[in-house]
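A quick write-up on the structure given underneath.
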Amino acid sequence: MHPILKRSQSMLRFLGAYVFANLQSSMEYRSAFITQIIAMIANDCLWLFFWWSYFQQFPLVHGWQNTDIVMLWALSACSFGLSIALLGNASNIASLVVNGGLDAYLGMPRNTLLHVCVSASNPTSWGDIIFAVGAYVLIVHPGPLNLFLFPILVLLGAIIFTSFFVLCGSLAFFLGNAEGFIGQLMNVIISFSTYPMDLFNGFVRLLLFTVIPAGFISFVPLQILHQFSWMWCGAMVGATIVFVVLAVSLFNLGLRRYESGNLLGMQS
1 MHPILKRSQS MLRFLGAYVF ANLQSSMEYR SAFITQIIAM IANDCLWLFF WWSYFQQFPL
61 VHGWQNTDIV MLWALSACSF GLSIALLGNA SNIASLVVNG GLDAYLGMPR NTLLHVCVSA
121 SNPTSWGDII FAVGAYVLIV HPGPLNLFLF PILVLLGAII FTSFFVLCGS LAFFLGNAEG
181 FIGQLMNVII SFSTYPMDLF NGFVRLLLFT VIPAGFISFV PLQILHQFSW MWCGAMVGAT
241 IVFVVLAVSL FNLGLRRYES GNLLGMQS
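Sequential numbering of the sequence shown, starting at 1, is according to UniProt numbering.
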């Protein structure tokens with residue numbers, strides 16, 4: 001077997017083992033796990049109901065219709081849910097840096113960043129995924145091509161979400177204890193990815209396709225689902241690669257200047 005394929009296979013087994021372990025850990029308290037999932041589905045449905053009510057009064061807003069909002073929310077919620085389900089600890093990097101929590105990962109054989117990201121999961125993320133898939137299939141009624149494209153676009157969106165979380169968390173290497181500011185940055189991308197992009201113009205719109213890549217999580221995939229375009233696909237893949245490279249580079253740069261918190265305990 002080719003070394004690259006062998007390495008990829010090993011990494012997938014590693015990810016799968018961690019995801020399964022995180023899921024088993026969450027299900028130790030099964031009632032709480034199910035309750036959290038139902039609560040998240042209800043929360044997402046409530047927001048979707050808000051937009052449905054809005055479009056009953058204003059059927060067309062900047063060219064957006066009710067089904068566009070469903071697709072937007074499905075893409076955003078599923079991408080975010082997949083990111084937190086598989087690589088949930090990416091959003092906790094700032095806290096680990098400030099508290100010296102990275103010490104537990106530095107001696108491990110796998111890539112430090114990958115190990116940090118996969119070592120935790122949020123149970124509510126499965127509620128986002130269930131809601132997104134259900135809303136997309138039951139309300140939008142997609143054709144075969146879009147059913148094929150949807151999981152691919154969601155996967156790319158999840159990678160962008162994770163990369164942005166890593167970028168934000170890595171700022172703690174340079175800014176120190178700035179968890180509040182970093183947390184706000186993370187909330188910004190989540191919020192803006194659920195709003196119609198045509199509501200924003202000028203400098204704000206530019207920000208949403210560069211510094212805060214919310215446009216590549218929901219708007220660009222929506223255009224691809226509306227009318228398949230190799231140009232939009234290229235932009236989506238290109239943006240994903242750029243943000244992965246930036247995230248890995250900034251994390252590794254910060255790791256070089258990381259001052260150990262002298263934590264002697266091993267990760268449980």
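Positions of the beta carbon are idealized from the N, C-alpha and C atoms, including for glycine.
Computed from a prediction, not measured in an experiment: that's the story for all the values here.
For the stretch 11-35, there is no continuous beta strand (DSSP E) assignment of 3+ residues that stays within its boundaries. Taking a cut-off of 8 Å on C-beta distances, the stretch 112-130 does not touch the stretch 184-191, as fewer than three cross pairs fall below it. The C-alpha of V70 is placed about 36 Å away from the C-alpha of L96.
Between the stretch 128-145 and the stretch 36-51, the count of C-beta pairs closer than 8 Å reaches three or more; the two stretches touch.
Annotation for V140: no alpha helix (DSSP H) segment contains it, and DSSP assigns it neither H nor E. The DSSP assignment places 172-175 and 179-192 as complete runs of the alpha helix (DSSP H) inside the stretch 157-192, in order along the chain (cut-off: 4 residues).
Contact between S193 and S76 is confirmed by a C-beta separation of about 4 Å, below the 8 Å threshold. Note on geometry: alpha-carbon atoms of A214 and F49 lie some 22 Å from one another. Cβ-Cβ distances below 7 Å link L106 to T112 in the same chain, with the five nearest sequence neighbours on each side left out; the list follows chain order. Here DSSP, grouped into helix, strand and coil, assigns N122 to coil. Here P213 carries a helix assignment [DSSP, helix/strand/coil].
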